[in-house]
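Shown next, in structure tokens, is the structure this report addresses.
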Amino acid sequence: MQTLRRKDILGLEEMSAEEITLILDTARSMREILQRKIKKVPTLRGRSVLNLFYEPSTRTKASFELAQKYMSADSVSVAGSSSSLVKGETLKDTVRNVEVMGVECVIMRHPVSGSSHYLARSIEASVINAGDGMHEHPTQGLLDMFTIWEKKGHLEELKVAIVGDIRHSRVARSNIWGLTKMGAEVVVAGPPTLMPLDMEGLGVKAYHRVEEAVEGADVVMALRLQKERQESGLFPSLREYADLYGLTPQRIAGAREDALIMHPGPMNRGVEISSELADGSRSVILKQVTGGVAVRMALLYLLLGGAKEE
Ligand code: CP
């Protein structure tokens, strides 16, 4: 078994196709554990993990916590809103204090882009970025690739259309970096006001009409409107956004018949995606969530040296 030769998982921009392949292969082994009646292995016994969330989360937090429990790690979760941050403590001091209690890996979600890189430079423990501002959400990108890979058998030469608020989406950035490295063609679509300023640097084709972007697509991925990161006036109203950019069976009629329908969650039904698509036979939205546990188990295993110990 190979190991990752890195201390931290901060983004897919800096990760190689070989590393991504190793993580996806390891996640496949972890998924076998998830199919057992008793989902418990001793792999990370005696290892300590901190989950530090400065923004709300359901899927990422729960799946990391479950991954830690299934692998017998000792873990503690701290929410930013109930931590000593509110008394004025800095992020660095918070984590240094927890590090001297024996924590070997910190999983952090934070509203500031680059915060995970800062933390990784400040402490000896491994850092896994669980979403930093508008920058990256690498574990989401990995679980999205894992879901596509499981369903399609490969990633190279697939056409993936990502639709919605590309500009504020860390999920879009991680998927663009990861999927293009793995040989997929990625196109994006959304209102001009929700397109990134560094669009050319991302190296993907952008459309303003969803119908054009999804033509022949193997995968259609809707993104959540990141209202918490948007200034006002970027689009007239939710109704108008839904009318022009919301995914419906009619709007994606040009995609392949067997196209996978994805959404990272949480979904705004009737805005980014219709219930008919979200709950339809082509939807893999809940499979993404299951894959998230397997991918996060794989990352903990690879980073915390389960492989080395064996
Ligand atoms: N996809 C995702 O990050 O979901 P949560 O915000 O619920 O963790």
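All the letters of the sequence shown, read from the start, carry residue numbers 67 to 376 under the working numbering. From the three backbone atoms N, C-alpha and C, an ideal C-beta is built for every residue, glycine too. In this text, all values refer to a predicted model and were calculated from it rather than measured experimentally.
**Request:** Please confirm whether L260 and I232 have their CB atoms less than 9 angstroms apart.
**Result:** yes
**Request:** For D264, count neighbouring C-beta atoms within 10 Å of its own C-beta (all shown protein chains included) and say buried if the count is 16 or more, exposed if not.
**Result:** Classification for D264: exposed.
**Request:** Tell me, please, whether the segment 72–84 touches the segment 190–200 by the rule of three or more beta-carbon pairs shorter than 8 angstroms.
**Result:** At 8 angstroms Cβ cutoff, the stretches touch.
**Residues surrounding the ligand CP [beta-carbon distance to nearest heavy atom under 7 angstroms]** = P122, S123, T124, R125, T126, K127, G197, H203, Q206, V237, P330, G331, P332
**Message:** Output needed for S181: all residues of its chain with C-beta closer than 6 angstroms, excluding positions within five of it in sequence on either side, in chain order.
**Reply:** Excluding sequence neighbours, S181 sits near D198.
**Asked** Using the C-alpha atoms, what's the distance from H201 back to R239?
**Response** 7 angstroms
**Neighbourhood of A344 by C-beta, 8 angstroms cutoff - its chain only, sequence neighbours within 5 removed** = I327, H329, M333, R335, I351
**Item:** Residue of A196, R348, L365 minimising C-alpha distance to A319
**Value:** R348
**Message:** Counting only beta-carbon separations shorter than 9 angstroms, does R362 have a partner in chain B?
**Reply:** Protein chain content of the structure displayed is limited to a single chain, and chain B is not contained in it.
**Prompt:** Are the beta-carbon atoms of P315 and E342 separated by less than 9 angstroms?
**Reply:** Contact check for P315 against E342 passes: the beta carbons are separated by less than 9 angstroms.
**Message:** Taking its Cβ as the centre, do 16 or more other Cβ atoms sit within 10 Å of K247, making it buried, or is it exposed?
**Reply:** buried
**Prompt:** Since A283 contacts A255 with CB under 8 angstroms, what's their CB separation in whole angstroms?
**Reply:** Contact flag wrong, Cβ pair sits at about 10 angstroms.
**Item:** Start-to-end residues for the alpha helix (DSSP H) that takes in L368
**Value:** 351–369
**Request:** Given a cut-off of 9 angstroms, decide if V178 and V164 are closer than it, judged by their beta-carbon atoms.
**Result:** no
**Request:** Could you say which of M211, D140, V166, L118 lies nearest to L88 if we only look at CA atoms?
**Result:** M211
**Item:** Contacts around P258, its chain only, beta-carbon distance under 7 angstroms, and the 5 residues preceding and following it disregarded
**Value:** So the qualifying residues of the chain are H274.
**Message:** I'd like to check one pair, K217 with K353: are the Cβ atoms closer than 9 angstroms?
**Reply:** yes
**Item:** Straight-line Cα distance separating A272 from A364
**Value:** 33 angstroms
**Message:** Could you pull the DSSP bridge partners for I232 from this structure?
**Reply:** Looking at the DSSP assignment, I232 forms no beta bridge with any residue, so it has no partner.
**Request:** Compute the distance between the beta-carbons of A196 and R162, then report whether it is under 9 angstroms.
**Result:** no
**Request:** Look up L209 in the DSSP assignment and say whether it is helix, strand or coil.
**Result:** Assigned with DSSP and collapsed to three states, L209 falls in helix.
**Prompt:** Whose C-beta lies closer than 6 angstroms to the C-beta of F119 among residues of the same chain, with five residues either side of it excluded?
**Reply:** Excluding its 5 nearest sequence neighbours in each direction, F119 has C-beta neighbours in its own chain below 6 angstroms: K127, A145, R175, listed in chain order.
**Message:** Going by C-alpha to C-alpha distance, which of L70, G269, I228 sits closest to I86?
**Reply:** L70
**Prompt:** Would DSSP call R125 helix, strand or coil?
**Reply:** helix
**Asked** How far does the alpha helix (DSSP H) with N377 in it reach, from first residue to last?
**Response** Lying before the first or after the last residue shown, residue 377 is absent from the chain, which here runs from 67 to 376.
**Asked** Which value, in whole angstroms, describes the spacing of the CA atoms of S129 and E306?
**Response** Roughly 34 angstroms between the two C-alpha positions.
**Request:** Could you tell me which of A288, V253, A133 sits nearest to A93, measuring between CA atoms?
**Result:** A133
**Asked** Cα separation between Y367 and L310?
**Response** Computed Cα separation, rounded: 43 angstroms.
**Prompt:** What are the uninterrupted segments assigned as alpha helix (DSSP H) that are 4 or more residues long and contained completely in the segment 218–276, given in chain order?
**Reply:** 236–247, 265–268
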